[in-house]
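Read the structure below first, then the notes.
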Amino acid sequence: MCMQQEKVKLLEFLTNFKIGGTERQVVNLARGLDRGRFDLHVACLGRSGELLNQIEGNQIPLSEYPINSLFNHTTVREQWKFAGYVKRNRIQIVHSYGFYSNVFSVPSARLGGVPVVIASIRDTGDPLTPMQRRVQKVICSLADHILANSNAVRDRLLKEGYRPGKIGVIRNGIIIPAQFGDGVRGLFRRELGLPGNARLIAVVSRLNPLKGIEYFLEAAALLAARFEDVFFPIVGDAVDPAYMAALKDHAARLGLGRRVLFTGFRLDMGSILPDLLISVLPSLSEGLSNVLLESMAAGVPVVATKVGGNPEVVEEGVTGLLVPPRDPAALADAVGTLLGNPDLAARLGASGRRRVEVHFSLDRMVQDTQKLYFELLQNVRRVSLRRMAAL
Numbered sequence: 000m001c002m003q004q005e006k007v008k009l010l011e012f013l014t015n016f017k018i019g020g021t022e023r024q025v026v027n028l029a030r031g032l033d034r035g036r037f038d039l040h041v042a043c044l045g046r047s048g049e050l051l052n053q054i055e056g057n058q059i060p061l062s063e064y065p066i067n068s069l070f071n072h073t074t075v076r077e078q079w080k081f082a083g084y085v086k087r088n089r090i091q092i093v094h095s096y097g098f099y100s101n102v103f104s105v106p107s108a109r110l111g112g113v114p115v116v117i118a119s120i121r122d123t124g125d126p127l128t129p130m131q132r133r134v135q136k137v138i139c140s141l142a143d144h145i146l147a148n149s150n151a152v153r154d155r156l157l158k159e160g161y162r163p164g165k166i167g168v169i170r171n172g173i174i175i176p177a178q179f180g181d182g183v184r185g186l187f188r189r190e191l192g193l194p195g196n197a198r199l200i201a202v203v204s205r206l207n208p209l210k211g212i213e214y215f216l217e218a219a220a221l222l223a224a225r226f227e228d229v230f231f232p233i234v235g236d237a238v239d240p241a242y243m244a245a246l247k248d249h250a251a252r253l254g255l256g257r258r259v260l261f262t263g264f265r266l267d268m269g270s271i272l273p274d275l276l277i278s279v280l281p282s283l284s285e286g287l288s289n290v291l292l293e294s295m296a297a298g299v300p301v302v303a304t305k306v307g308g309n310p311e312v313v314e315e316g317v318t319g320l321l322v323p324p325r326d327p328a329a330l331a332d333a334v335g336t337l338l339g340n341p342d343l344a345a346r347l348g349a350s351g352r353r354r355v356e357v358h359f360s361l362d363r364m365v366q367d368t369q370k371l372y373f374e375l376l377q378n379v380r381r382v383s384l385r386r387m388a389a390l
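Counted the way numbering that gives the first Met the number 0 counts, the sequence shown spans residues 0 to 390.
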């Protein structure tokens with residue numbers, strides 16, 4: 000009775016608010032949570048990023064704990080501050096996301112007396128050193144639950160020796176867009192200065208070496224020789240300017256010229272997706288890709304590498320095509336198959352949308368997460384009652 004009347008004091012902890020799959024999932028979760036049942040707080044290591052206004056604009060309490068290393072006196076001071084914050088505000092659940100947030104907040108939450116602590120790990124190939132992996136494993140042993148966003152991530156954690164009973168999976172969820180009308184089609188193509196009959200094969204991604212952009216460029220060079228009306232936008236930006244320069248140099252060496260267009264960072268997926276003929280995800284590793292889900296939800300046929308959680312989203316030959324990573328020829332063949340068979344492309348696009356509607360909606364993700372929060376909190380209360388009864 001008491002739990003139904005009082006809001007659960009919940010804090011979500013992430014590194015920053017820059018565009019990324021994890022950050023968007025946390026922001027969408029924050030917006031979708033039942034505010035009649037949860038008193039939501041958010042904390043971060045850096046109060047910056049394109050998604051920050053979506054937290055601030057919703058009047059959610061936000062605290063920042065800036066650090067430049069996980070292991071120095073400044074970090075210890077900030078961890079004490081965070082422990083004090085959760086204790087003063089009687090936070091009942093702390094849920095952190097990613098290596099830096101997990102290592103910083105999990106022990107601090109324990110120090111502050113938080114009853115339920117959850118650590119999220121959301122990638123199969125995050126670029127951690129062996130030492131960082133060991134540190135994260137030790138820190139996560141202090142958490143009550145470790146939440147993955149795909150079976151592939153869970154399986155990787157099991158191989159690394161994490162306790163099976165602690166690991167759960169809740170897959171990403173997205174807002175399902177309405178079917179695109181004719182009014183939005185052609186906007187992206189015209190913005191790029193391309194003719195109306197240009198066919199666009201795009202990658203939409205944060206640009207880093209794990210995203211396999213080099214292999215997409217090599218596949219594009221093979222396709223450009225076969226299809227004169229096909230162009231290859233790469234939508235996203237790189238944290239490292241040198242990496243972006245290297246990608247552009249690689250495209251030039253491949254002779255792609257105007258056929259590849261680096262558009263930079265974009266938030267307006269609703270303007271981009273209607274003009275895409277095929278969405279490509281050439282990643283070398285993934286947890287579970289939001290862009291893959293968004294493309295499928297928009298009815299855009301997808302070609303993705305068979306890594307991480309991608310096969311959990313794409314059913315080969317039914318909702319999209321899967322290819323081996325680091326294989327430009329296979330990637331070009333799959334894209335070429337769809338270019339040469341519009342009926343197949345349309346079927347895959349329609350089936351992909353239906354799959355996302357059923358299995359990957361934002362409402363499903365929010366409901367599953369809320370259910371987990373209540374179950375873990377109830378488990379802690381039952382243990383506490385048993386201990387009191389034993390005294």
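Beta carbons are placed, not taken as given, at the ideal position from N, Cα and C, and that holds for glycine. None of these values were measured; they are calculated from a predicted model.
Query: C-beta contact flag for ILE145 and VAL115 at 8 Å; Result: no
Query: GLU11 - partner residues in DSSP beta bridges; Result: VAL41, HIS94
Query: Inter-residue Cα distance where the pair is ARG155 and ARG34; Result: 34 Å
Query: Euclidean distance between Cα positions of VAL7 and PHE37; Result: 5 Å
Query: C-beta neighbour in chain D for LEU10, strict 8 Å; Result: Considering every chain present, this structure includes no chain D. It has just one protein chain.
Query: Given ALA333 as reference, the closest of ALA303, ARG188, PRO60 once Cα atoms are compared; Result: ALA303
Query: Inter-residue Cα distance where the pair is GLY124 and SER100; Result: 17 Å
Query: For ARG257, three-class secondary structure by DSSP; Result: helix
Query: Host beta strand (DSSP E) of SER68 (start-end); Result: Per DSSP, SER68 belongs to no beta strand (DSSP E) and is neither H nor E.
Query: Sequence-distant residues of its chain with Cβ nearer than 6 Å to ASP122 (five each side left out); Result: GLY286
Query: Cα-Cα separation, SER360 to SER350; Result: 15 Å
Query: Alpha carbon of CYS139 to alpha carbon of SER95, nearest angstrom; Result: 10 Å
Query: ASN57 versus ALA388: straight-line alpha-carbon distance, rounded; Result: 42 Å
Query: Where ILE23 falls: helix, strand or coil (DSSP); Result: Reading off the sequence, residue 23 comes out as Arg, not Ile. Correct three-state label for ARG23: helix.
Query: Counted within 10 angstroms of its Cβ, other Cβ atoms place ARG380 as buried (16 or more) or exposed; Result: exposed
Query: THR304 - partner residues in DSSP beta bridges; Result: VAL322
Query: C-beta contact flag for MET295 and ARG170 at 8 Å; Result: no
Query: Per DSSP, the bridge partner or partners of PRO232; Result: LEU260
Query: Helix, strand or coil at ALA118 [DSSP, three-state]; Result: strand
Query: Strand pairing of GLU315, partner residues [DSSP]; Result: GLY319
Query: Separation of SER149 from GLN369, as counted between CA atoms; Result: 18 Å
Query: Separation of ARG354 from ALA344, as counted between CA atoms; Result: 15 Å
Query: Inter-stretch contact (C-beta, 8 Å, three-pair minimum) for the stretch 204-220 and the stretch 316-336; Result: yes
Query: Where the beta strand (DSSP E) through ALA201 begins and ends; Result: 198-203
Query: First through last residue of the beta strand (DSSP E) which encompasses VAL137; Result: Note, VAL137: premise wrong, no beta strand (DSSP E); alpha helix (DSSP H) at 129-139.
Query: Cβ separation of GLU227 and MET268, assumed to be a contact under 8 Å, to the nearest whole Å; Result: Actually they do not touch by this definition, with Cβ atoms about 28 Å apart.
Query: Alpha-carbon spacing of CYS1 relative to LEU375, whole angstroms; Result: For CYS1, the predicted model reports a pLDDT of 45, less than 50, meaning its position is unreliable and no value from the coordinates is stated.
Query: Beta-bridge partners of HIS144, as assigned by DSSP; Result: ILE117
Query: Buried versus exposed call for PHE98 [16 or more other C-beta atoms within 10 Å across all chains shown]; Result: buried
Query: Residues bridged to LEU280 (per DSSP); Result: ALA303
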